[in-house]
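In this text, residue positions in the sequence shown follow the working numbering: the first is 77, and each later residue adds one.
Just so it is clear, CB atoms sit at the ideal spot from N, CA and C, and this is done for glycine as well.
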Amino acid sequence: MHHARFAPTESWFGLLSEEELEKLLLAGKIARVVRKAVPRMVFKGASVLQICEWVESEIIRMGGSPAFPCNVSINEVGAHYTSPPSDATVIPDGALVKVDLGVHIDGLIADTAVTVSVGSEFEDMIKAVELALERGVQAVRVGGKIGDVGPMVEKTIRSMGYKPIRNLTGHQIEQYTIHSGLSIPNVSGSEPLGKFQPWSVYAIEPFATLPKAIGEVREGMAGNILHLVKLKRPKAEPQRGAYEDIYRKFKTLPFARRWVACSGEAVEALLAERLLYEYPVLVEASGMPIAQSEHTVVTTDKESIVTT
Ligand code: CO
Numbered sequence: 077m078h079h080a081r082f083a084p085t086e087s088w089f090g091l092l093s094e095e096e097l098e099k100l101l102l103a104g105k106i107a108r109v110v111r112k113a114v115p116r117m118v119f120k121g122a123s124v125l126q127i128c129e130w131v132e133s134e135i136i137r138m139g140g141s142p143a144f145p146c147n148v149s150i151n152e153v154g155a156h157y158t159s160p161p162s163d164a165t166v167i168p169d170g171a172l173v174k175v176d177l178g179v180h181i182d183g184l185i186a187d188t189a190v191t192v193s194v195g196s197e198f199e200d201m202i203k204a205v206e207l208a209l210e211r212g213v214q215a216v217r218v219g220g221k222i223g224d225v226g227p228m229v230e231k232t233i234r235s236m237g238y239k240p241i242r243n244l245t246g247h248q249i250e251q252y253t254i255h256s257g258l259s260i261p262n263v264s265g266s267e268p269l270g271k272f273q274p275w276s277v278y279a280i281e282p283f284a285t286l287p288k289a290i291g292e293v294r295e296g297m298a299g300n301i302l303h304l305v306k307l308k309r310p311k312a313e314p315q316r317g318a319y320e321d322i323y324r325k326f327k328t329l330p331f332a333r334r335w336v337a338c339s340g341e342a343v344e345a346l347l348a349e350r351l352l353y354e355y356p357v358l359v360e361a362s363g364m365p366i367a368q369s370e371h372t373v374v375t376t377d378k379e380s381i382v383t384t
């Protein structure tokens, strides 16, 4: 197959072909369309399981694959909750609901999130985080400092009377890897982080909370999102079959218990052997509600494209 390579680069996406860029853009378009439809799915009494399944099935219907389970994180839960197989959770009255969704096409990923306020109490906090995102995204320029995003995001959120969550960050994305290891802080005062590279993919995602909050998240209960951490095929069944099934379907991308056909015992055994990791939910340390907004940005040699 013909791969027109665009440009030499030091980043992993040095081999970003025209075809791969198109897949990134298509993943972004699907993510955008689904995200825009999310608010009408989120209302008092709505089933969280139904929201997750609806988001994931829309992604598939439009030709993508979910890059991770749809996250529906309510109030003080900032991230990493998805429904277990028969989740009875419903959206409470007055809730602040973050829906974070990912789309991939052959491992080329778009990551985006929106916050919905059930009631009007948190509308301004959502506006603050959305404006912070808009400004943070503008700071993603090839050759620009990664460390410029944080002060911009923090200043915007504080100027509107809210507080950024200091230990939740944006991140660089690679093929089949939602978080490449490079974090993009949402506050000032970080160490130098280098510059934005051409032919790379970055997710910018500010989080805001109330000014009286601690403004940090801590790990909470398991959130039903898992991923393979070690590529080492177990010898014993049923773990071996489960491992192979998971690797074939998801590689190292996060997945939900809802998505696997293999037995619960096989999954538990893989967790016990530390071949699988289950993400804990991330909860605001003082129990205050969190709002989030997120876009994915792809850089070429001359421009930054918001794919979502
Ligand atoms: Co993200």
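Check	Outcome
Selected residue, minimal CA-CA separation from E313, among W335, E344, S193 and A332	E344
Cβ-Cβ distance between D176 and Q368 below 8 Å	yes
G296 and V153 closer than 8 Å at C-beta	yes
First and last residue of the uninterrupted beta strand (DSSP E) at M236	Run containing M236: none; DSSP gives neither H nor E here.
Beta strand (DSSP E) segment containing I181, residue limits	L172 to I181
Beta strand (DSSP E) runs contained entirely in the segment 249-300, provided each spans 3 or more residues	276-280 and 283-285
Buried versus exposed call for L358 [16 or more other C-beta atoms within 10 Å across all chains shown]	buried
6 Å Cβ shell around D163 - same chain, five flanking residues per side excluded	V124 and L125
Test item: CB-CB of I254 and P330 under 8 Å	yes
Close-in-space but distant-in-sequence residues of the same chain around P115 (CB under 6 Å, 5 per side omitted)	V192
Buried versus exposed, by CB contacts within 10 Å (16 or more), S149	buried
Assigned secondary structure, G139 (DSSP; H/G/I helix, E/B strand, else coil)	coil
Any non-hydrogen atom of the ligand CO within 7 Å of H371 CB	no
heavy atom of the ligand CO below 7 Å from A208 C-beta	no
Proximity of A208 and T383 at Cβ, strictly below 8 Å	no
First through last residue of the beta strand (DSSP E) which encompasses G121	No beta strand (DSSP E) contains G121, which DSSP labels as neither H nor E.
Selected residue, minimal CA-CA separation from V305, among A113, F326, I106 and K311	F326
Alpha carbon of A361 to alpha carbon of L244, nearest angstrom	12 Å
Identity of the residues DSSP links to I381 by a beta bridge	V374
Where A337 falls: helix, strand or coil (DSSP)	coil
Sequence-distant residues of the same chain with beta carbon closer than 7 Å to E199, five excluded per side	S193
Residue span of the beta strand (DSSP E) that contains Y319, given as start and end	Premise fails: Y319 lies in the alpha helix (DSSP H), Q315 to F326, not in any beta strand (DSSP E).
Identity of the residue in D182, G178, G219 and S235 nearest K203 by Cα	S235
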